[in-house]
């Protein structure tokens with residue numbers, strides 16, 4: 020049971036951080052609108068949390084080694100982790116200007132990924148800096164790519 024919950028939590032946290040940062044940075048770069056960014060975060064928190072939870076459900080269900088209870092534990096832990104972590108990114112948007120909020124959100128996402136990556140590395144008894152660097156490299160790539168994609172969208176379609 021713990022393994023199924025850990026699997027769902029890991030997926031939900033990671034996806035919640037990466038997907039939410041990507042959507043909010045892309046939307047901010049293309050529109051600069053606080054309401055659009057908030058709408059994107061809420062949409063991700065709901066739609067993508069359900070989508071990821073179903074994806075984990077089917078993935079875990081496809082492995083014969085998990086019980087029905089474990090499958091639902093992974094499903095629910097994915098949903099709640101994704102939903103809650105995604106919603107945490109609304110706080111800076113509500114409190115600060117978009118440019119400051121995006122910076123705070125990026126730092127918040129990097130902190131969350133770093134802490135969880137450190138935990139994973141220690142649990143697996145491997146060097147934390149390698150795991151952290153690998154995960155942060157992907158997050159930073161998403162941040163950079165979605166920023167430039169958002170700018171391109173603004174130039175092309177607005």
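Numbering (the numbering used here), first residue to last: 20 to 177. For glycine and all other residues, C-beta sits at the position ideal for the given N, C-alpha and C.
Handout entry: Coarse secondary structure for residue 153, derived from DSSP in three states
Key = The residue you call residue 153 lines up with position 134 of the chain shown. Looking at residue 153 - three-state DSSP - the assignment turns out to be helix.
Problem - residue 132 burial status per 10 Å Cβ neighbour count (16 or more: buried) - result: Reading the chain shown from its first residue, position 113 is the one you call residue 132. Buried, by the Cβ-count rule.
Practice task
Measure the beta-carbon distance from residue 42 to residue 63 and round it to whole angstroms, keeping in mind my assumption that it falls under 8 Å.
Solution key: Sequence index remark: in the chain shown, residue 42 carries index 23 (1-based). Sequence index remark: in the chain shown, residue 63 carries index 44 (1-based). Confirmed, about 5 Å.
Handout entry: Closest residue to residue 30 among 57, 86, 135 and 111 (Cα-Cα distance)
Key = Translated into positions along the chain shown, residue 30 becomes position 11. That would be 135, whose Cα lies nearest to the Cα of residue 30.
Problem - Pairwise C-alpha distance: residue 46 and residue 19 - result: Coverage of the chain is limited to positions 20 through 177, which leaves residue 19 absent and any answer about it impossible.
Exercise for the section: Kindly indicate which three-state DSSP category residue 51 falls into: helix, strand or coil? Expected result: Within the chain shown, the letter at position 32 stands for residue 51. Note: residue 51 maps to coil in three-state DSSP.
Exercise for the section: Compute the distance between the beta-carbons of residue 109 and residue 60, then report whether it is under 7 Å. Expected result: Within the chain shown, residue 109 is the residue found at index 90, counting from 1. Within the chain shown, residue 60 is the residue found at index 41, counting from 1. Against a cut-off of 7 Å, the Cβ pair of residue 60 and residue 109 comes out as a contact.
Handout entry: residue 108 (DSSP reduced to helix, strand or coil)
Key = Within the chain shown, numbered from 1, the residue matching residue 108 stands at position 89. Coil, per DSSP.
Exercise for the section: Along the alpha helix (DSSP H) that carries residue 146, what are the first and last residues, could you check? Expected result: As a first step, residue 146 is located in the chain shown; it is residue number 127 there, counting from the start. Note, residue 146: premise wrong, no alpha helix (DSSP H); not H, not E.
Exercise for the section: Give the DSSP-derived three-state secondary structure of residue 86 in the structure shown. Expected result: Translated into positions along the chain shown, residue 86 becomes position 67. Correct three-state label for residue 86: coil.
Exercise for the section: Use the C-beta contact count for residue 154: other C-beta atoms within 10 angstroms, 16 or more gives buried, fewer gives exposed. Expected result: One-based indexing of the chain shown puts residue 154 at position 135. Burial call: buried.
Exercise for the section: Tell me whether residue 81 sits in a helix, a strand or coil according to DSSP, three-state version. Expected result: Taking the chain shown and counting its residues from 1, the one referred to as residue 81 is at position 62. Here residue 81 sits in coil by DSSP.
Exercise for the section: Assuming residue 92 and residue 23 form a contact by the criterion Cβ under 8 Å, report the distance between their Cβ atoms to the nearest whole angstrom. Expected result: Taking the chain shown and counting its residues from 1, one reaches residue 92 at position 73. Taking the chain shown and counting its residues from 1, one reaches residue 23 at position 4. Contact between residue 92 and residue 23 holds, since their C-beta atoms are separated by about 4 Å, short of 8 Å.
Practice task
Using a threshold of 7 Å, state whether the C-beta atoms of residue 96 and residue 28 are closer than that.
Solution key: Taking the chain shown and counting its residues from 1, one reaches residue 96 at position 77. Taking the chain shown and counting its residues from 1, one reaches residue 28 at position 9. Cβ atoms of residue 96 and residue 28: closer than 7 Å.
Exercise for the section: Under the assumption that residue 75 contacts residue 94 (Cβ atoms under 8 Å), give the Cβ distance between them as a whole number of angstroms. Expected result: Reading the chain shown from its first residue, position 56 is the one you call residue 75. Reading the chain shown from its first residue, position 75 is the one you call residue 94. About 6 Å separates the beta carbons of residue 75 and residue 94, which is inside the 8 Å limit, making them a contact pair.
Exercise for the section: Check whether the Cβ atoms of residue 105 and residue 112 sit closer than 7 Å, and answer yes or no. Expected result: For the purposes of this step, residue 105 is identified with residue 86 of the chain shown, where counting begins at 1. For the purposes of this step, residue 112 is identified with residue 93 of the chain shown, where counting begins at 1. Judged by beta-carbon spacing, residue 112 lies beyond the 7 Å limit of residue 105, meaning their Cβ atoms are not closer than that value.
Practice task
Compute the distance between the beta-carbons of residue 161 and residue 37, then report whether it is under 7 Å.
Solution key: Against the chain shown, residue 161 aligns to sequence position 142. Against the chain shown, residue 37 aligns to sequence position 18. Yes, the pair counts as a contact, with Cβ atoms nearer than the cut-off.
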